[in-house]
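One structure is given below, encoded as C-alpha cells.
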Amino acid sequence: MKKVVLTGSPNVFYGIFNMREDVLTNAYLGAIVNNSDDAIISKDLDGVIMSWNDGAERIFGYTGEEAIGRPITMLIPDQRLDEEEEILKRLRQGERIDHFETVRKRKDGTLVDISLTVSPVKNAEGKIVGASKIARDITARKKAQKKLEQMNETLEGRVADRTEKLHSYQQQLRSLASQLNKAEEQERQRLATELHDTLGQTLAAAKMKLDGLRSRQLSNQVSAELQELKEILDHALQYNQNLMMELKPPPVLNKEDATEMLHWTASKMEKKGLEIEIKDDGQPKPVEKEIHSILHQSVRELLQNVIKHADSKKAWLEITSEKSYLKVTVKDKGRGFDIKENELDPAEGGRFGLFNIKERIDWHGGKFNIYSRPGEGTKAVLYVPLKKDQAETSKDQHETHLPPDLRKKQLERSQKVNVLLVDDHDMVRCGLRQVVEKEDDIVIIGEASNGQEAVELARRDHPDIIIMDVNMPVMNGIEATQIIKKEMPCVRIIGLSLHESQEVAENMQNAGASAYLTKSEAFESLITTIRAESGFSGSKVK
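Numbering-wise (the UniProt record's numbering), the sequence shown opens with residue 1 and increments by one.
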C-alpha cells in the first residue's frame, strides 16, 4: 500500500474545504430557487431586475435573458404603477411586505393574480442594496373564491326567497286565524241568540205555566209532581243561562276596557269555590274586540284549570299595563306539573286548552308563557297589545319616571324598536334580517359575528333588543349577555340557539336573557318575541 503524504499549511487546506462547502451550498440554494413554482426575483433600489428564476418565466412568460437588466415596472399594469413606488419607499426604510395580493402583467399582456412578498437585501456592511421578491400565482384560488362567492350569493338569494315565502305564509296563516276566530265568534253569538230567543223563551214560558198551575188548589200528589217538574225546569233554565253566558257574555265583557271583564271573569270563578286575590294597577286597558274575547276565554280557561287540576282553593290574578301591552298573570300554589313532560300539544283535551291559548295569543301579536314545577304551583303569563292610542299614553306615563337624558333618548326612538343581530353565521343573520326588515316599526341598527363585537356595539349604539346567539367564537353569547346586562340592564336580550335543551335556556336566563328561541322556531316567533320584549319587564325565558 502506497502512503500519500500531504504537505502545506493547514490554513490552506481549511480554505480549500471552506470554498468547496460554499460552492456546494450555493449550488443547493440555486437548485431550490430554480425549481420553485413561485417567481423569485431580485432587483436593485432603482427597480432594475437583477435575477430571474424558472418560476418567474413560467408565471410571466419572459426568459431570464429578456428580463434581467430591465425595470420591474414591465410587469406592472399602468393603473398599479403607484404600488411599486410605495414598495420601494418601504424597502428603503427596511420594511418587509408580506402576502400583498395584487395583479401583474404577463409578456402577452394578460393579467395574473399574485400574492407578493418583498424583503430588503443588505450587503456585508448591512446597507440595503436591493430587494428580493417572491410572487405566487393565486389565479386558481381567486377563481375558486369567486365561484364560492357566487354560490353563496345564490344560496343567500334562495334563503331570502324562502324566507319571504315563509313570511307570506305566516301572514296568510294569521289572516286565516283571524277569520276563523271571527267566524267562531259569530257562531257563538248565533248559538247564544238561539238559546236566548228560542229555547230560553220556551223554558221561561213553561216555567210561568207551571207556576200558574202550582198556584191552584191541587192534591198533594199533583203538587209534589209539579214541584219535581219545577226543579227540572229550574235546572234547565240555569244550564241554558250558563251556556248563554259562556257563548255570549254580559255587556260588561263587550266594553273596550278589559279591566271590568277580567274582574267579572274572576267573580264567576269565585262562585265555583275558588278564592281569587286580584292585583290591578288601576290603569285603563283598552284592547281590540277580538283580543277582548280571546282574553276572556283564556283567563277563564286558566282559572278553570286551577279548579280542575291544581288541587288549590286559591289563585292570584295580576293585571298591569306595561307600555304598549296588557300583562295578565294567573298563578296558584297547587300541585304544579313538569313542563318538559307536558308540552303544549294541539291534541290536548278541553275546549280551549293551553295550546289554543298560546296559538291565539301569538296570532294576535301577544305572547303566552307558562312556568310550573311539581309541588310548587303554576304561573301563566299573557301579554296582549293595547289599542294604539292607549299604548302611546302608557308609554308616555312610563317615560315620565325616567331620568331626563334617558327619557329624551327614548322619546327620539319611540317610534322604532332598535335591534342588534348577533350570530357568527352570515346566512342566519341574513335570514333573521329578512324577517325583521318586513316590519316598519323594527329597525336593525347593527350586526355582530361574536360576543365581543356585540358588547362593543351595544356600548356604542344602545339597542332596545339584542338577538344573541349562544355558541360563537371569541366570546360566547352567555358571557356577552352577562357583560351587557351588568352595564346596560335596560337592554332586552333574546337568546338564540340550535339547542332545544332546557339547560341552555336556563344558562341564558341566569346570564340575563329575558327570552330564548331555538333557531328552528325563530323565523315563526321572532317578531312576536321582539314586540313582547320591547315593552315588558321580568323574565320570560321558555
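Cβ coordinates follow ideal geometry from the N, Cα and C atoms, glycine included.
inquiry  = So the candidates are Lys289, Met269 and Asp44; which of them puts its Cα closest to the Cα of Asn123?
reply    = Numbered from its first residue, the sequence shown carries residue 123 at position 123. Nearest of Lys289, Met269 and Asp44 to Asn123, Cα basis: Asp44.
message = Check this for me: beta carbons of Ile493 and Ile484, under 8 Å apart or not?
response = In the sequence shown, residue 493 corresponds to position 493, counting from 1. In the sequence shown, residue 484 corresponds to position 484, counting from 1. In contact: Ile493 and Ile484 (Cβ atoms closer than 8 Å).
query = Going by other Cβ atoms of all chains shown within 10 Å of its Cβ, with 16 needed for buried, is Asp311 buried or exposed?
reply = Your numbering for residue 311 matches position 311 in the sequence shown. When all chains shown are included, Asp311 counts as exposed.
inquiry  = Looking at Gln189: is its Cβ nearer than 8 Å to the Cβ of Lys340?
reply    = Along the sequence shown, one-based indexing puts residue 189 at 189. Along the sequence shown, one-based indexing puts residue 340 at 340. No. Outside cutoff.
ask   = Alpha carbon to alpha carbon, how far is Lys142 from Asp113?
value = By one-based count along the sequence shown, residue 142 stands at place 142. By one-based count along the sequence shown, residue 113 stands at place 113. Going by C-alpha positions, Lys142 is about 8 Å away from Asp113.
ask   = How about Leu213 and Leu226: do their beta carbons lie closer than 8 Å?
value = Looking up residue 213 in the sequence shown gives position 213. Looking up residue 226 in the sequence shown gives position 226. Going by C-beta atoms, Leu213 is nearer than 8 Å to Leu226.
task = For Leu386, I'd like the list of residues in its chain whose CB is within less than 8 Å of its CB, leaving aside the five on either flank, ordered along the chain.
result = For the purposes of this step, residue 386 is taken as residue 386 along the sequence shown, with counting starting at 1. The residues are Lys285, Pro286, Val287, Ser321, Ser324, Tyr325, Leu326 and Ser394.
task = Could you tell me if Leu517 is buried or exposed, where buried requires 16 or more neighbouring beta carbons within 10 angstroms of its beta carbon?
result = Counting from 1 along the sequence shown, the entry for residue 517 is found at position 517. With 16 or more other Cβ atoms within 10 Å, it is buried.
message = At the level of alpha carbons, what is the spacing between Ser534 and Met475?
response = Numbered from its first residue, the sequence shown carries residue 534 at position 534. Numbered from its first residue, the sequence shown carries residue 475 at position 475. Each residue's alpha carbon lies about 25 Å from the other.
inquiry  = Within 10 Å of its beta-carbon, does Ser42 have 16 or more other beta-carbons around it, so buried, or fewer, so exposed?
reply    = Within the sequence shown, residue 42 is the residue found at index 42, counting from 1. So Ser42 ends up on the buried side.
ask   = Rounded to whole angstroms, how far is the Cβ of residue 570 from the Cβ of Leu457, which I believe are closer than 8 Å?
value = Since the first and last residues shown for the chain are 1 and 542, residue 570 lies out of range.
message = Alpha carbons only, please: which of Glu83, Asp54, Gly47 and Asp46 is nearest the one belonging to Ile40?
response = As a working mapping, residue 40 is identified with position 40 in the sequence shown. The option with the nearest alpha carbon to Ile40 is Asp54.
ask   = Sorted by chain position, which residues of the same chain lie with C-beta nearer than 6 Å to Gln283's C-beta, five sequence neighbours on each side aside?
value = Position 283 of the sequence shown, counted from the start, is the residue given in the question as residue 283. So the qualifying residues of the chain are Ser321.
task = Identify whether Ala515 lies in helix, strand or coil by the three-state DSSP scheme.
result = For this step, residue 515 is matched to residue 515 along the sequence shown. The answer is strand: DSSP assigns Ala515 an E or B state.
ask   = Per DSSP, what kind of secondary structure is Asp234 in: helix, strand or coil?
value = For this step, residue 234 is matched to residue 234 along the sequence shown. Three-state result, Asp234: helix.
ask   = Taking the Cβ atom as the reference point for each residue, do Lys384 and Leu295 lie within a distance shorter than 8 Å?
value = Residue mapping note: residue 384 aligns to position 384 of the sequence shown, counting from 1. Residue mapping note: residue 295 aligns to position 295 of the sequence shown, counting from 1. A small fix is needed here, since residue 384 is Val in this sequence, not Lys. Yes. Within cutoff.
request  = Would you mind reading off the limits of the beta strand (DSSP E) that contains Asn418?
outcome  = Taking the first residue of the sequence shown as position 1, residue 418 is located at position 418. For Asn418, the enclosing beta strand (DSSP E) starts and ends at Val417 to Val422.
query = Within the chosen definition, does the segment 190-204 reach the segment 230-245 through at least 3 CB pairs nearer than 8 Å?
reply = yes
query = With Arg80 and Val103 assumed to form a contact (beta carbons below 8 Å), what rounded beta-carbon distance in angstroms separates them?
reply = Against the sequence shown, residue 80 aligns to sequence position 80. Against the sequence shown, residue 103 aligns to sequence position 103. Separation of the CB atoms of Arg80 and Val103 is rounded to 7 Å, and the pair is thereby assigned contact status at 8 Å.
message = DSSP three-state label for Arg136, please.
response = Residue numbering aside, residue 136 sits at position 136 when the sequence shown is read from its first letter. Here Arg136 carries a strand assignment [DSSP, helix/strand/coil].
message = Which of the three DSSP states is assigned to Lys331 in this structure?
response = As a position in the sequence shown, residue 331 is number 331, starting the count at 1. DSSP places Lys331 in strand when its eight states are reduced to three.
inquiry  = Using C-beta distances below 7 Å, list every residue in its chain close to Lys333, excluding the 5 sequence neighbours before and after it, in chain order.
reply    = Here residue 333 is taken as the residue at index 333 of the sequence shown, counted from 1. The beta carbon of Lys333 sits closer than 7 Å to those of Ser312 and Gly377, all from its chain and outside the five residues before and after it, given in chain order.
ask   = Going by the beta-carbon positions, is the gap between Arg96 and Ser132 smaller than 8 Å?
value = Within the sequence shown, numbered from 1, the residue matching residue 96 stands at position 96. Within the sequence shown, numbered from 1, the residue matching residue 132 stands at position 132. Their beta carbons are not under 8 Å apart, which means Arg96 does not touch Ser132 by this criterion.
inquiry  = Short of 7 Å in beta carbon distance, which residues of its chain neighbour Ser105, apart from the five on each side in sequence? Order them along the chain.
reply    = Taking the first residue of the sequence shown as 1, we reach residue 105 at position 105. According to the sequence provided, residue 105 is Lys. The question's Ser does not apply to it. Counting only Cβ-Cβ distances below 7 Å, and skipping sequence neighbours, we find Leu75, Ile76, Pro77 and Leu111.
ask   = In three-state terms, what does DSSP make of His167?
value = Translated into positions along the sequence shown, residue 167 becomes position 167. It is helical.
Extent of the continuous alpha helix (DSSP H) to which Phe100 belongs = By one-based count along the sequence shown, residue 100 stands at place 100. Run containing Phe100: none in the alpha helix (DSSP H); it sits in the beta strand (DSSP E), Ile97 to Lys105.
key: Opening and closing residue of the beta strand (DSSP E) in which Gly495 lies   = For the purposes of this step, residue 495 is taken as the residue at position 495 of the sequence shown. That run of the beta strand (DSSP E) goes Arg492 to Ser497.
request  = With DSSP collapsed to three states, give me the class of Glu376.
outcome  = Residue numbering aside, residue 376 sits at position 376 when the sequence shown is read from its first letter. Correct three-state label for Glu376: coil.
inquiry  = Comparing C-alpha positions only, which one of Arg335, Glu153 and Lys279 sits nearest to Asn305?
reply    = Locating residue 305 in the sequence shown gives position 305, counting from the first residue. For the residues Arg335, Glu153 and Lys279, the minimum Cα distance to Asn305 belongs to Arg335.
inquiry  = When you compare the CB positions of Gly365 and Arg531, do they come within less than 8 Å of one another, or not?
reply    = Here residue 365 refers to the residue found at position 365 of the sequence shown. Here residue 531 refers to the residue found at position 531 of the sequence shown. For Gly365 and Arg531, yes; Cβs fall inside 8 Å.
Which residues DSSP lists as bridging Gly130, in chain order = Taking the sequence shown and counting its residues from 1, the one referred to as residue 130 is at position 130. BP columns for Gly130 point to Asp44 and Val121.
request  = Taking Leu386 as part of the beta strand (DSSP E), name the residues at either end of that continuous run.
outcome  = Looking up residue 386 in the sequence shown gives position 386. Careful: Leu386 lies outside any beta strand (DSSP E) and carries neither H nor E.
task = Flag Ala480 as yes if its beta-carbon sits less than 8 Å from any beta-carbon of chain C, otherwise no.
result = Absent from the structure: chain C. Only one protein chain is present.
key: Straight-line gap, Lys289 to Ile527 (C-alpha atoms, nearest Å)   = Mapped onto the sequence shown, residue 289 falls at position 289. Mapped onto the sequence shown, residue 527 falls at position 527. Just so you know, the alpha carbons of Lys289 and Ile527 end up roughly 22 Å apart.
ask   = Can you give the Cα-Cα distance for Glu228 and Leu210, rounded to whole angstroms?
value = In the sequence shown, residue 228 corresponds to position 228, counting from 1. In the sequence shown, residue 210 corresponds to position 210, counting from 1. Computed Cα separation, rounded: 11 Å.
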